[in-house]
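Reviewing the structure listed below.
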Ligand code: BYC
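Residue numbers (our numbering): 217 to 543.
Structure follows, in C-alpha cells:
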C-alpha cells in the first residue's frame, strides 16, 4: 500500500467513526484499532465464561427447585454471552482457540470481580444485583460501539443482563425481608461484593491506559470514572428499597455535584487481583484449564462429525440428479 493510499484510508476511517458510522469486518481499519478491540472483546468473553464458576458453585445447593432452575438458566446465559463475544472477535481474524489459549496461559485477562469467592447463597443475589448491575451500566453504552459485530452482540447481552440483575434484586429482597439470619446473610454478601463491584469499571481515569484512545475510536463512550459514578447513583436508592446498607461511611449525596460522593477505593487490592493474587485466581483459572482439557473429546467428536458431513456432501449427487433418478 502506498503512503498516500494509507493516509486516505485512515482519513476515511476517522471520518466514518466521527460520523458515528459502524465499522464492519471487511472495512479497512487501523491495526491498533483491531488489536485494541480484540483485547477488550477477548477480556469480555473470558469474563463471561469464568463468571459462570462462582455462581455455578451454588446450583447444587439452591434452596428450592425454582431458584435452581433460575440459576441454571442464568449460568447458561453467561456461556451464551461468551459464545457471542468469541464469535464477534473471530470477525477480526482471531480464532476462539487462539483466545482461549491466551486466557489459559495468562496472556489475556478476565474481570477482577470473578476472583472473589461465593461464600453463601446470598452471594448469588449480590452478584445478580451488583455485578450484573455494574455490567449493564458498563455495557449499555457498548451497544453503540463503533465496531458493528461487538455493538450488535451487546444488544442481546444487555437484555439478558438486565433480567439477571432483577433476579438478583428479587433474591436479595426475599432474604432481606426474611428471618433475622437471612437478612444478616444478605447484608454480609453486599458488604463483601460492593467494593469489588466498583473496581469492575477499571482503574481511575488518570491511570487508565486505554480510555482516551478507545473513546476517540468510540469503542468506549464514557470513561471508567463516569460509569462508576453512574452505578453508585443507581445503586444507592436500590439499596434503600432492599432495606440494606452499603459498606461505605463516606457515601452521601452531594447537592452541588448532583451525584453521590463515595469513599476511596483500595486500588492496591485491584492491581494485586489483576496480578493473580486475588482469593480465587488460581482456582478459577485451574478449573477453566481443567474444563478445557476434559472437553477435548467433545471438540474432537464435533470436528470429526463436521468432516464426515463435508465428505458426504462432496460425494453426494446434486439434488436435481437424485430427483431425476427417482422418476
Ligand atoms: N478486571 O486502560 P483500562 C460480566 C485492565 S463480564 C480485570 O482502563 P480499558 C458478567 C485492562 O484490561 C464483565 N482487568 O482498560 C459475566 C487493562 O489491561 P490490558 C466484564 C481490568 O479496556 C458473567 C488495564 O487494566 N466486562 O459483567 O479501557 C456474569 C488498564 O485498564 C479491569 C467487560 O469486559 C477489571 N475490572 O477499560 C455476570 C466489559 N479493569 O488490557 C457478569 C467490556 C481494567 O492492557 N470491557 N482492567 O492488559 C470494558 O468496558 C473495558 O475493557 C474495561 C477496562 C472498563 C473493563
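By construction, the Cβ of each residue, glycine as well, lies at the ideal position given by its N, Cα and C atoms.
### Query
Can you give the Cα-Cα distance for residue 483 and residue 413, rounded to whole angstroms?
13 Å
### Query
Beta-carbon separation of residue 458 and residue 392 under 8 Å?
yes
### Message
What residue range does the alpha helix (DSSP H) around residue 476 cover?
### Response
That residue, residue 476, is in no alpha helix (DSSP H); its beta strand (DSSP E) goes 475-477.
### Query
Which whole-angstrom value is the C-beta distance of residue 340 and residue 274, which I expect to be below 8 Å?
5 Å
### Alpha carbon of residue 359 to alpha carbon of residue 298, nearest angstrom
16 Å
### Query
So who's on the other strand from residue 363, going by DSSP bridges?
239
### Query
Whole alpha helix (DSSP H) runs in the segment 408-441 with 4 or more residues, listed along the chain?
427-432
### Task
Have a look at residue 302 and residue 395 and give me their C-alpha separation to the nearest angstrom.
43 Å
### Query
Terminal residues of the continuous beta strand (DSSP E) containing residue 468?
468-470
### Query
Are the beta-carbon atoms belonging to residue 300 and residue 369 less than 8 Å from one another?
yes
### Segments assigned alpha helix (DSSP H), at least 4 residues, entirely inside the segment 318-397
338-342, 348-355 and 364-392
### Task
Indicate, with yes or no, if the ligand BYC has a heavy atom lying under 7 Å from the CB of residue 418.
yes
### Message
Once the 5 residues before and after residue 343 are set aside, which same chain residues still bring their CB inside 8 Å of it?
### Response
270, 271, 334, 384 and 409
### Query
Roughly how many angstroms lie between the CA atoms of residue 246 and residue 435, to the nearest whole one?
13 Å
#### Entry: Reduced DSSP secondary structure (H/G/I, E/B, other) of residue 464
coil
### Query
Does DSSP put residue 309 in a helix, a strand or coil?
coil
### Query
Should the segment 310-325 be called in touch with the segment 243-263, which here means at least 3 C-beta pairs below 8 Å?
yes
### Message
Quick check: does the Cβ of residue 287 come within less than 7 Å of any heavy atom belonging to the ligand BYC?
### Response
no
### Query
Thinking just about the alpha-carbon of each residue, which of 364, 398 and 367 is nearest to the one in residue 337?
398
### Message
Does residue 290 pass the burial test, meaning 16 or more other C-beta atoms within 10 Å, or should it be called exposed?
### Response
buried
### Whole-number beta carbon distance between residue 329 and residue 504, since they are thought to touch under 8 Å
No, residue 504 and residue 329 are not in contact; Cβ-Cβ is about 15 Å, not under 8 Å.
### Message
Suppose you measure from the CA of residue 232 to the CA of residue 221; what does that come to, to the nearest Å?
### Response
16 Å
### Query
If you compare alpha carbons, which of 523, 440, 474 and 500 is closest to residue 423?
440
### Task
Report the rounded CA-to-CA distance for residue 543 versus residue 525, giving the unit in angstroms.
Summary for residue 543: the model assigns pLDDT 40, below 50, so the residue's position carries little reliability; its value from the coordinates is reported in the next sentence. Straight-line Cα distance between these residues: approximately 26 Å.
#### Entry: Given 8 Å, three or more beta-carbon pairs between the segment 484-494 and the segment 507-525
no
### Task
Pull up the distance between the alpha-carbon of residue 320 and that of residue 512, whole angstroms please.
14 Å
### Cutoff 8 Å; reference residue 486; Cβ partners in own chain excluding five residues on either side
328, 415 and 419
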